[in-house]
Structure formats: structure tokens, C-alpha cells
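Accompanying notes for the structure given below.
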Amino acid sequence: MIASCDLCGKEKKIVKAKVEGTTLNVCENCAEFGEIIEIPKEVIKEVKQKNKSIMEEEVIEYLSNDYSKKIKQAREKINLKQEELAKRLAIKESLIHKFESGRQEPDLNTARKLENFLKIKLIEKYKEKYEKKTSKGSDSFTIGDIISKK
Numbered sequence: 257m258i259a260s261c262d263l264c265g266k267e268k269k270i271v272k273a274k275v276e277g278t279t280l281n282v283c284e285n286c287a288e289f290g291e292i293i294e295i296p297k298e299v300i301k302e303v304k305q306k307n308k309s310i311m312e313e314e315v316i317e318y319l320s321n322d323y324s325k326k327i328k329q330a331r332e333k334i335n336l337k338q339e340e341l342a343k344r345l346a347i348k349e350s351l352i353h354k355f356e357s358g359r360q361e362p363d364l365n366t367a368r369k370l371e372n373f374l375k376i377k378l379i380e381k382y383k384e385k386y387e388k389k390t391s392k393g394s395d396s397f398t399i400g401d402i403i404s405k406k
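For my numbering, count along the sequence shown from 1 and bump the result up by 256.
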């Protein structure tokens, strides 16, 4: 069967071989690095995929720029002191002070706690779409790039 070798990445006739304890599909040249387990008897169908591109989407969450003002205004709106807010959220009062003064950003989990309790929006989402190209050519990194001949 003609496919990509797991070690060198070249498109050649493939055999199954055990190389350093791992079963791999390798070309006949790379089979010398291990022990041949199986040689395919017939080629059923050859399928080649050339530079296939896939659209992927990544959602990035980040804290809004005016988080400190939003936290302070929402806290004051419900007539809570920093100390009381800290107790209700089970975090230190000094952190509330740092968040409101803008000296420290809350991590996303703490920001979610603040959002739920104060009924405000601190976390913004950004969707990033990009094209992922997959290639089975000589530019791809293979196990053979790591393994050296014994």
C-alpha cells in the first residue's frame, strides 16, 4: 500500500513494523529500524489528500477594559461594602480593592463569580476563525526526525 511513512514522511510502499516497542506504518527503508510485522498483500485503493484546508474557530475569553469601574458601580448600586462583597464571594477584601482600583485583574473564575453576583458583564468573547492546512509532504514533522539509528 502506498501512503506516508510514519518515520520519514515519504510517500512509498508501507509495511507494519515494530520500532522501539511501537507499531508504526513505515516504508521499506525505515523498516530496518525495527522488526517487520506485516506486509500488505494487495493494494485496495490509494487515497491521497493534497493540502487539505480546514476552517477552525477558536473562542477567546478576555476581561473587559473597564472591569474596575463596572465592579465598583455594581457594588455601590446594591449598597455593599468591599468587606461584605468579599465575604459573600469567599475572596479577600484586599482583592476586591485591587480589582476596583484597577491594580489587579481578576482571573476568569473570579470574574465569573463577580458577574453572577453583581449581575454585570465582565468577560467578553472573541471568535477567531483561521484556516488550518494539513499536508502530508516533506514539510511535516515525523517520528523519524527524532529517532536516530542504533
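The beta-carbon is built from N, C-alpha and C at its ideal position, and this holds for glycine as well.
Nearest chain D C-beta to Lys381 closer than 8 Å, yes or no?
The chain inventory of the structure shown lacks chain D, comprising one protein chain alone.
Looking at the unbroken alpha helix (DSSP H) that takes in Leu345, where does it start and where does it end?
Gln338 to Leu345
Once DSSP output is grouped into helix, strand and coil, what is the label at Leu263?
coil
Do Glu294 and Lys272 count as a contact pair if the criterion is CB distance below 8 Å?
Yes; because the gap between Cβ atoms is below 8 Å, this pair is in contact.
Is the distance from the Cβ of Ile379 to the Cβ of Glu314 below 8 Å?
no
Return yes when the Cβ of Ile376 is within less than 8 Å of the Cβ of Ala330, no when it is not.
yes
Taking Cβ positions, are Asp262 and Ile399 nearer each other than 8 Å?
For Asp262 and Ile399, yes; Cβs fall inside 8 Å.
Relative to the C-alpha of Leu319, which candidate in Gln338, Asn281 and Arg368 has its C-alpha closest?
Arg368
When you compare the CB positions of Lys361 and Tyr323, do they come within less than 8 Å of one another, or not?
Reading off the sequence shown, one finds Glu at residue 361, where the question assumed Lys. Result yes, Cβ atoms of Glu361 and Tyr323 sit closer than 8 Å.
Would you mind stating whether Lys337 and Glu356 have Cβ atoms separated by less than 8 Å?
Their beta carbons are not under 8 Å apart, which means Lys337 does not touch Glu356 by this criterion.
Can you tell me where the beta strand (DSSP E) holding Thr278 begins and where it ends?
Thr278 to Cys283
Label Gly277 either buried or exposed according to how many other C-beta atoms from any shown protein chain fall within 10 Å of its C-beta, with 16 as the threshold for buried.
exposed
Report buried or exposed for Lys326, applying the criterion of at least 16 other Cβ atoms within 10 angstroms of its Cβ.
buried
List the whole-angstrom C-beta distance separating Lys274 from Glu291, where the pair is believed to meet the contact cut-off of C-beta under 8 Å.
5 Å
What would DSSP say about Leu378, mapped onto helix, strand or coil?
coil
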